[in-house]
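Since the structure comes first, as structure tokens, the remarks are kept for the end.
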Amino acid sequence: MKLIAKIFASWKVLGGLYIGWGIGANDSANIFGTAVATNSVRYRTATILIAVFAILGSILEGPKLYDNVHFQSAEATTSESMALAATFASGTAVLVVTILGIPASTSQAAIGGLMGIAIFSSGFSAVDWNKFGKMVVCWVATPIGGAVIGYLLYGFGDRLFRRLVKNPEKRNTIIRWLLILSGSYGAYSLGANNVVVTTVAYYDAGIFGAPGVYRTALIAASIGGAAIALGALTYSYKVMETVGKKITVLDPLAALLAVFAHSLTLEFFTGLHVPVSSSQAIVGGVIGVGLVKGMAAVSGRQLVRIFLGWLATPLSSAVIAYVLAQLFC
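For the sequence shown, counting from 1, position 164 maps to 164 in the working numbering; every step adds exactly one.
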């Protein structure tokens, strides 16, 4: 109890909880957005599954990432106040696009926040612009890759699946359970891979206990996982609606194949050792399955909103972090 009191007495940890909430609220759409939109899975069922499996992933696999991720560049230094500025800026950027119903990359928001405090700390030389340029190329390539894979999967998979399973009711039952299984695994992976973003700065600062100790990492991951779960339970519907309904109209099979396209896209870039956006991968997958029905089936207006949101998220996060660091650090 004393440890818990100590953690929350340091109000600076709220920045990490804020960005954790944003991950749950926004990235839930990558996992169950298409399933909810096609009525294959109920919204409340989806959010409960996300909350449960995100916490499990955070607790079971999240702790091992805490000693492998560092937010300091070679030239920049980061204090607790600067960590708060970065996480608060990232969380605010994600909150705004979530309210607008735009699927955005939390990792890109986090990168923007870290760039902002790095520039404040040591100037523009603290940013590896060559590395950042390569990341931008991958950000552009991710939705394109997802769209190509989604187009090919739905173009061939639709006819094949209908031949193999002729009974429409049986088809929908199979698809529903596959969506539940893939979504639950996706939520587990979300917790395992993204929880470190929420609290690693505070872990390194020693707020949860001595860094390098498993118990300390477990506490950090558990708190971050709870924040992700809360975001999914309280404010995830708007972005799910955008991903599942507003880009194009999906049938249950298209919803499932869009999720597969998303997963294959991430797997491809993982093989190249390049971290990319899950949000951009699912949007690309949805666009791809929609294009099978023709250009008119995809909402150009929604795509413009989404692309502008992707551009604004890291930029606004960097600016907010820099301004906050100037004011309070």
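All residues carry an ideal CB built from backbone N, CA and C; glycine is no exception. Given the structure is predicted, the values throughout are model-derived calculations rather than measurements.
Taking the beta carbon of Val304 as the centre, do at least 16 other beta carbons fall within 10 Å, making it buried, or is it exposed? When all chains shown are included, Val304 counts as exposed.
Taking Cβ to Cβ, would you say Thr106 is nearer than 8 Å to Asp204? Cβ atoms of Thr106 and Asp204: not closer than 8 Å.
Go ahead and pull the three-state DSSP assignment for Asp158. Look at Asp158 here: in three-state DSSP terms it is helix.
Which full runs of the alpha helix (DSSP H) of 4+ residues lie inside the stretch 226-259, going along the chain? Runs found: 237-241.
If you count every other CB in all the chains shown that lies within 10 Å of the CB of Trp129, and 16 or more means buried, which is it? Around the beta carbon of Trp129, fewer than 16 other beta carbons lie within 10 angstroms, which makes this residue exposed.
Whole beta strand (DSSP E) runs in the stretch 157-233 with 3 or more residues, listed along the chain? The qualifying runs do not exist here; there are none.
Could you give the DSSP three-state label for Arg301: helix, strand or coil? Taken through DSSP and simplified to helix, strand or coil, Arg301 comes out as helix.
Between the CA atoms of Tyr43 and Leu344 - distance to the nearest angstrom: Any question about residue 344 goes unanswered here, given that the chain covers just 1 to 329.
On the three-state DSSP scale, how would you describe Ala85? Secondary structure of Ala85 (DSSP, three-state): helix.
Hey, could you find the ends of the alpha helix (DSSP H) Ser28 is sitting in? Unbroken alpha helix (DSSP H) run through Ser28: 14-37.
With 16 other CB atoms within 10 Å as the buried threshold, where does Ala89 fall? Buried is the call here.
Tell me which residues share the same chain as Gly145 and place their Cβ nearer than 7 Å to its Cβ, disregarding the 5 neighbours each side in the sequence. Excluding positions up to five away in sequence, the list reads Thr265, Phe268, Gly284.
Val283: first and last residue of the uninterrupted alpha helix (DSSP H) it sits in: Taken as a continuous stretch (DSSP letters only), the alpha helix (DSSP H) holding Val283 covers 278-291.
Around the Cβ of Leu308, are there at least 16 other Cβ atoms within 10 angstroms (buried) or fewer (exposed)? By the Cβ-count criterion, Leu308 is exposed, with fewer than 16 other Cβ atoms from all chains shown falling within 10 Å of its own Cβ.
Quick one, which of Phe208, Lys131, Tyr151 has its alpha-carbon nearest Leu298's? At residue 298 the sequence reads Val, which differs from the Leu that was named. Each of Phe208, Lys131, Tyr151 was checked against the Cα of Val298, and the nearest Cα belongs to Tyr151.
Whole angstroms are fine: how far does the CA of Gly22 sit from the CA of Ser94? Inspection of the sequence shows that residue 94 is occupied by Val rather than by Ser. Roughly 6 Å separates the two Cα atoms.
Give me the Cα-Cα distance between Asn30 and Gly155, rounded to the nearest whole angstrom. The C-alpha of Asn30 lies about 21 Å from the C-alpha of Gly155.
Assuming contact is defined by CB atoms lying nearer than 8 Å, are Ile55 and Ala226 in contact in what I supplied? Cβ distance < 8 Å, so Ile55 and Ala226 count as in contact.
Please determine, among Ala258, Gly191, Leu179, the residue with the shortest C-alpha to C-alpha distance to Val243. The shortest Cα separation from Val243 among Ala258, Gly191, Leu179 belongs to Ala258.
So, with DSSP's three-state summary, where would you put Ser58? Note: Ser58 maps to helix in three-state DSSP.
Given 8 Å, three or more beta-carbon pairs between the stretch 189-202 and the stretch 45-60: Segments in contact, yes.
For Ile102, the three-state DSSP class (helix, strand or coil): It is coil, neither helix nor strand.
Examine the Cβ distances between the stretch 243-254 and the stretch 213-224 and report whether three or more of them are shorter than 8 Å. Result no; under three Cβ-Cβ pairs closer than 8 Å.
Pairwise C-alpha distance: Val165 and Ala62: In the sequence as presented, Ala is not what sits at residue 62; that position holds Gly. Across the structure, Gly62 and Val165 are spaced so that their CA atoms are roughly 39 Å apart.
Going by the CB atoms, is the gap between Thr34 and Val249 shorter than 8 Å? In this structure, Val249 keeps its C-beta atom at 8 Å or more from the C-beta atom of Thr34.
Reduced DSSP secondary structure (H/G/I, E/B, other) of Ser125: In this structure, DSSP gives Ser125 a helical state, which the three-state scheme calls helix.
Report the residue from Pro103, Val323, Leu17, Ser236 whose alpha carbon sits nearest the alpha carbon of Gln302. Put simply, of Pro103, Val323, Leu17, Ser236 the residue whose alpha carbon is nearest the alpha carbon of Gln302 is Pro103.
Under a three-way DSSP split, which group does Tyr66 fall into? In this structure, Tyr66 counts as coil in the three-state DSSP scheme.
Is the beta carbon of Gly123 sitting closer than 8 Å to the one on Ala86? Going by C-beta atoms, Gly123 is not nearer than 8 Å to Ala86.
Do Ala46 and Gly183 have their C-beta atoms closer together than 8 Å? Yes, they are a contact pair.
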